[in-house]
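Here the structure comes first, spelled out in C-alpha cells, and everything after it is commentary.
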Amino acid sequence: MEMRPLRVLLVEDNPVYRRLIEKLLAGSQYPSFDVTSVDRLSAAFDSLDRQAFDVVLLDLLLPDSEPHETFFRLRGRAPDTAIVIQTGFDDVTLASKAVEGGAQDYLIKDRIGRVGLVRSIRYAVERMRARSAEWASGMFHLAQQQFLKAAYIVELDDNVRQRLLFPERAQVAALSFRRDQHGQVETVFGYRVQHVLAMGPTKGGIRYHQGVDLGEVAALAMWMTWKCALMRLPFGGAKGGIRINPLDLSRTELQRLTRRYTLSFIDIIGPDMDIPAPDMGTNEQVMAWIMDTYSRRVGYTVPAVVTGKPVVLGGSQGRTEATGRGLMYCIVEAARHLGLDLRQCTAAVQGFGNVGAHTARFLEENGVKVIAVSDVSTAVHNPGGLDIDDLEAHVAKRRFLEGYPGGEHITNSELLELPCDILALAALQNQVTIDNVQRINCKILAEGANGPTTLEADEVLSEKGIFVLPDILANAGGVTVSYFEWVQGMQNFMWTLEEVNTRLHAIMTDAFRRTLTRAEREGTDMRTAALIEALDRVRQAELLRGLFP
Amino acid sequence: MSTFEWHKALADLDGDEEILRDLAEVFLAEADAMTDAVRNAVEWQHAAELRRSAHSLKGAVRVFHADAAAAAAFHLETLGRDANFQGADRALAKLEEEVGRLCRELGNHLQNEPPPAS
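Protein chains in written order, with UniProt numbering: chain A, 1 to 549; chain B, 1 to 118.
This is the structure we're talking about:
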C-alpha cells in the first residue's frame, strides 16, 4: 500500500489559483499530498535542487519565462518527474504542444475540481513510473539474473536460453471502467503475460496493486514457469495484473473493472489456454466474476477457466490456505534435514495476509513459538509467543495489526533482523538485500512471497549458512492446489480436503527432496538447485517440441 | 446585476463554501497588486508582462464567474500576446473599473453573508 504522501511542486504565479490547488489537494486523504508552491520558474528550479518531487503542476505563463519555453526548461531540469500543465481554456494549443513534448497531462483551470485534479496527478505519476519501469523493472531483472545463473551452471543451450529470457506473449490493455459517481470513467493499465507455452496451458494469478507494471508481471510469470516445472505440473507460467489499488474501489467498481479485464483478455484465457487465479489484491469473489464473465460470453458455465473460486462454484477444498500449508510442509522438511525440533523453535513472519496468517497458524500448530508478525501498518513482537487466534480476531475487526495490544510494536526492518530459528517472508519483493542481509539471524529463511531476496543477498545467506527455502519451491503450494482445482473442474469431480492435502504434501515433499539432492550433487544453493530442476524439465519440453515454423 | 456569480463558483467547488470564501479573501488581498502589474505593463509597454499579468488576473476573477472583469482582462491579455498597445489605456481603465466593482461586491458579500456553520 502506498503510504507516503505524493510530493507536488506547484508552479503558479496566480495567488488565487495557487490557494485553490493547495486547498483541493489538502482535502485529499488517499492519496495525500505534500505541496510546495512557488510563483516563478527560478524558484521551481531552486526547489528541484533541494528535493525530489513526484509531480510538477506547471503554469506556462510565468514572470521569468516565455510561455513556449517554460515546459522545456523545466523538463530539462527534471527529466524524470511527471509534469502536468495547467492552462486556461484559451491556451489549449500551448498546453497540447507541451504534452507532445512529454508532459503527462494538462488541466483546464476553469474546470478544475478535486476529483479531476487528484486523478490527473495520480495518472501522471503512474505513467511516469510505468514509462521507466515497463521492462526495466527491478523484479524482472532479478528473475532474469536468477535464471541466467542457473542456465550457466547447466550449460543451457544458447537458443533456449535466449528464448526463455522473455515471455512468449505479453498483452497490455488500457481498461476503462465507470466509477460509481456517474460521469466518471477511469482508465488503468491491465496486463496478461504468458512466459512459456510449451508445457501445456499457462497458469498464474492476477494481481491488483498500484505497483504493477509489465516488468513485474513478466517476472512473476517467469517464476510461475519454474514453479510449475519444479512441481511437475503440466503448465507454463503466466501472470496478470492491473495497476490499481483495489482499496480505492467500491465493490461495484471492482466488479466492473474485473469484468472489463476479463473481456479484454478473453481471447488468450480459457481452460485449455491460460487459467488465472487469485494473487495480491484479488480473491475468490474476483475469480467468480471472471468465471461468470467468461461463461456468459461462451454461453455455458466453464468452471475450469479460473482457480481459487468459491467452493460452491467449483473451488477446491484447501485452496485458501494452500500456499501457507505448502510453506509449512517445506519448513518441516527443512527442520528435519537440519535436525531441528520444531517444538523448540521460534519464528518471525513478515506479512499477515493470506500466506502470512496461514503460515503463522500452521507454525503454531506444529509447536513453533511465533514471536513476531507484521503487515503494512506495523510489526508486533512478543518473545513469549503471540496468540495467532487473537491476532486474527484483531485484524478481522481492524483490518491491520496496528494497535494490537499483545506485543511490542517494532518496524518491519526490525522484525527481519530478530534472532529466531525460522524467518518466513510472506509480504513483498526485495526485503532481504545487501543492506540488511548481514543482520538476518535465523536458521531457515522460508520464502512465502515472490522475489523477497536479492541475488547479492543470496550469496551472503549461503556464506552465513542460513538454509533458504526459495520462493519457487516454498510458495508453490498455491499453484499446486490450483492445479488440483483445475483437474477437478475438467473432470467435474470434486475431491475431499484430505485428498487435496495428502496430494499436496506428496508433491511438496517430493519437490523438496529433489531440490535438496540436486543442491548437494551440484554443490550449489537451494534456489539455484530448484531452478536447475525446473529448467531441466522446461529445456526437455522445448527441445522435444522444436521450433515452429 | 452582480459582478460575480457566487452559486456558480460554489458549484465548481462541489459546494465547498469554506474554500470559496478563502479564495475570495486571497483575491481581495492580492487584487491591487495584480492590477498594478497590468498597469505597469501597459505604462512600460512590456508585451510579455502584459500578457502574463492580464492572464493571471483573468484566471483569478474567473474563479468567481466575474465575466465582465474576465473579459476586460482577456482583452488586455490579447493585446499583450499581439504586442499591440493601441487602445491599451482604455482597456486598462475598463479593467480597473470592473475589478474595483468586483472587489467592493465580493467584500460586501463576505461581510453580509455569514459563513456556513461548521
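Backbone N, C-alpha and C define an ideal beta-carbon position, used for all residues, glycine too.
Legend entry - When A:Asn-450, A:Phe-71, A:Leu-6, A:Gln-181 are compared against A:Ser-32, the one with the closest alpha-carbon: Residue A:Leu-6 holds the alpha-carbon nearest to the alpha-carbon of A:Ser-32 among A:Asn-450, A:Phe-71, A:Leu-6, A:Gln-181.
Inset, instruction - Measure from the alpha carbon of A:Thr-70 to the alpha carbon of each residue in A:Ile-108, A:Arg-50, A:Glu-12, A:Tyr-123, then state which is nearest. - result: Among A:Ile-108, A:Arg-50, A:Glu-12, A:Tyr-123, the Cα nearest to that of A:Thr-70 belongs to A:Glu-12.
Inset, instruction - Report the neighbours of B:Gly-100 on chain A: residues whose CB is nearer than 9 Å to its CB, in chain order. - result: Per Cβ cutoff of 9 Å: no residues; B:Gly-100 is ~17 Å from chain A at best.
Inset, instruction - Could you have a look at A:Leu-547 and say whether DSSP puts it in helix, strand or coil? - result: Of the three classes helix, strand and coil, the one that applies to A:Leu-547 here is coil, per DSSP.
Inset, instruction - Compare the C-beta of B:Leu-76 against all C-beta atoms of chain A and say whether one is closer than 8 Å. - result: B:Leu-76 does not count as touching chain A.
Legend entry - Neighbourhood of A:Ala-496 by C-beta, 8 Å cutoff - its chain only, sequence neighbours within 5 removed: Before going on, a small fix: residue 496 of chain A reads as Thr here, not Ala. Setting aside the 5 residues that flank it on each side, A:Thr-496 is surrounded in the same chain by Gln-317, each with a C-beta closer than 8 Å to its C-beta; the list follows chain order.
Inset, instruction - In angstroms with no decimal places, state the Cα-to-Cα distance between B:Ile-19 and A:Ala-393. - result: Their Cα atoms are separated by approximately 42 Å.
Inset, instruction - Note down, in chain order, each residue of its chain lying with its Cβ closer than 6 Å to the Cβ of A:Met-1, except the 5 sequence neighbours on either side. - result: Any answer about A:Met-1 is weak, because its pLDDT of 37 lies below 50 and its placement is not dependable; what the coordinates show is given next. Val-376, listed in sequence order.
Legend entry - Closest Cα partner of A:Gln-429 within the set A:Val-212, A:Glu-414, A:Arg-439, A:Phe-484: That would be A:Val-212, whose Cα lies nearest to the Cα of A:Gln-429.
Inset, instruction - Taking only runs that begin and end inside the region 194 to 225 of chain A, name each unbroken beta strand (DSSP E) of 3 or more residues, in chain order. - result: With a minimum length of 3 residues, the continuous beta strand (DSSP E) runs that stay inside the region 194 to 225 of chain A are 202 to 209.
Inset, instruction - Please list the segments of the alpha helix (DSSP H) lying wholly inside the region 351 to 398 of chain A, counting only runs of 4 or more residues, in order along the chain. - result: Taken in chain order, the whole alpha helix (DSSP H) runs of length 4 or more contained in the region 351 to 398 of chain A are 354 to 365, 388 to 398.
Inset, instruction - Would you list the residues sitting across from A:Val-185 in a DSSP beta bridge? - result: Beta bridge pairing from DSSP links A:Val-185 with A:Arg-178.
Legend entry - Within-8 Å CB hit, B:Phe-27 to chain A: It does; some Cβ of chain A falls within 8 Å.
Inset, instruction - Give the range of the alpha helix (DSSP H) segment to which B:Ile-19 is assigned. - result: In the DSSP annotation of this structure, the continuous segment of the alpha helix (DSSP H) that includes B:Ile-19 starts and ends at 17 to 44.
Legend entry - Residues of its chain near A:Ser-37, where Cβ-Cβ distance is below 6 Å and the 5 sequence neighbours each way are ignored: Excluding positions up to five away in sequence, the list reads Leu-10, Arg-18.
Legend entry - Reference B:Lys-58; option with closest CA among A:Asp-34, A:Leu-48, A:Thr-87, A:Glu-168: Here the closest residue by C-alpha is A:Thr-87.
Inset, instruction - Kindly confirm or deny that the region 276 to 295 of chain A and the region 321 to 335 of chain A touch, where touching means at least three C-beta pairs closer than 8 Å. - result: At 8 Å Cβ cutoff, the stretches do not touch.
Inset, instruction - State the DSSP-derived secondary structure class of A:Thr-36, mapped to helix, strand or coil. - result: In the structure shown, A:Thr-36 sits in a strand (DSSP, three-state: E or B).
Legend entry - Min CB distance A:Lys-23 to chain B below 8 Å: Chain B places a beta carbon closer than 8 Å to that of A:Lys-23, counting this residue as a contact.
Legend entry - DSSP-derived helix/strand/coil call for B:Glu-113: B:Glu-113: coil per DSSP, three-state reduction.
Inset, instruction - Give the single residue among A:Leu-423, A:Ala-348, A:Leu-416 whose Cα lies nearest to the Cα of A:Asp-387. - result: Nearest C-alpha to A:Asp-387: A:Ala-348.
Inset, instruction - Might you give, ordered along the chain, the residues of its own chain that have their beta carbon closer than 7 Å to the beta carbon of A:Trp-486, omitting 5 neighbours on each side? - result: Within the same chain, and ignoring the five residues on either side of A:Trp-486 in sequence, the residues whose Cβ sits closer than 7 Å to its Cβ are Ile-275, Ala-304, Thr-307.
Inset, instruction - Compare the C-beta of A:Val-16 with all C-beta atoms of chain B and state if any pair is closer than 8 Å. - result: Cβ-Cβ to chain B under 8 Å: yes for A:Val-16.
Legend entry - Under the three-state DSSP convention, the category A:Glu-2 falls into: Annotation note: pLDDT 45 at A:Glu-2 (below 50); position unreliable, no value reported.
Legend entry - Cβ-based burial, residue 180 of chain B [other Cβ within 10 Å; buried from 16]: Nothing can be reported for residue 180 of chain B: it is not among the residues displayed for chain B, which extend from 1 to 118.
Inset, instruction - Check whether the Cβ atoms of A:Thr-515 and A:Met-508 sit closer than 8 Å, and answer yes or no. - result: No; because the gap between Cβ atoms is not below 8 Å, this pair is not in contact.
Inset, instruction - Quick one: give me the first and last residue of the beta strand (DSSP E) that A:Arg-243 is part of. - result: Start and end: 236 to 243.
Legend entry - Exposure of A:Leu-338, with buried meaning 16 or more beta-carbon neighbours within 10 Å: Per the 10 Å Cβ criterion, exposed.
Inset, instruction - Measure how close the beta-carbons of A:Val-479 and A:Met-222 come, nearest whole angstrom, since I'm counting them as under 8 Å. - result: At roughly 14 Å, the Cβ-Cβ gap does not stay under 8 Å, so A:Val-479 and A:Met-222 are not in contact.
Inset, instruction - Please list the segments of the alpha helix (DSSP H) lying wholly inside the region 469 to 510 of chain A, counting only runs of 4 or more residues, in order along the chain. - result: Those alpha helix (DSSP H) runs which fall completely within the region 469 to 510 of chain A and span 4+ residues are 471 to 474, 477 to 491.
Inset, instruction - Spell out whether any CB of chain A is found under 8 Å from the CB atom of B:Ala-69. - result: So no, B:Ala-69 is outside the interface.
Legend entry - Interface residues of chain B facing A:Glu-66 [CB-CB closer than 8 Å]: Listed by position along chain B, the residues whose Cβ is nearer than 8 Å to that of A:Glu-66 are Ala-48.
Inset, instruction - For the alpha helix (DSSP H) holding B:Val-61, just list the boundary residues, first then last. - result: Judged by DSSP secondary structure, B:Val-61 falls within the alpha helix (DSSP H) whose first and last residues are 47 to 62.
Legend entry - Reduced DSSP secondary structure (H/G/I, E/B, other) of A:Gln-104: Coil, per DSSP.
Inset, instruction - Just the C-alpha distance for B:Ala-73 and A:Gly-27, rounded to the nearest angstrom, thanks. - result: Going from the Cα of B:Ala-73 to the Cα of A:Gly-27 covers about 31 Å.
Inset, instruction - Using a Cβ cut-off of 8 Å (strictly closer), state whether A:Asp-180 contacts chain B. - result: Taking Cβ atoms only, chain B never reaches closer than 8 Å to A:Asp-180, which makes this a no.
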